[in-house]
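Everything on this sheet refers to the single structure shown next.
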Amino acid sequence: MSNVLPTVADVVAAEARVRGWLVETPVLESDIINRRAGARVLLKAECLQHTGSFKIRGALNRLL
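Heads up, the final residue of the sequence shown is numbered 499 in the working numbering, and it's a clean run with no missing numbers.
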């Protein structure tokens, strides 16, 4: 395993590999959370994946 951070090209390539395998999940926002944080907070609903977590993205990308 490499200690090098991924590049934009790496992220684009990974997205292309996993496209079609995963559920496209929404980005959610809550006015209450935004107010409490004092900033805009966006939440990615990866719990809607078939596996119920975000981990499928990295695992599937590695396998493919």
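By construction, the Cβ of each residue, glycine as well, lies at the ideal position given by its N, Cα and C atoms. Remember, predicted model here, so these are calculated numbers, not experimental data.
- In terms of Cα proximity to Val458, the closest of Val439, Asp466, Arg492 is Arg492.
- Shown here for Leu483: same chain residues with a beta carbon closer than 7 Å to its own, the five before and five after excluded, namely Val458, Thr460 in chain order.
- According to DSSP, Glu464 shares a beta bridge with Leu477.
- Here Leu440 is not near Val462, since their CB atoms are 8 Å or more apart.
- Annotation for Thr486: no residue places its beta carbon closer than 7 Å to its own, counting only its chain and skipping 5 residues before and after.
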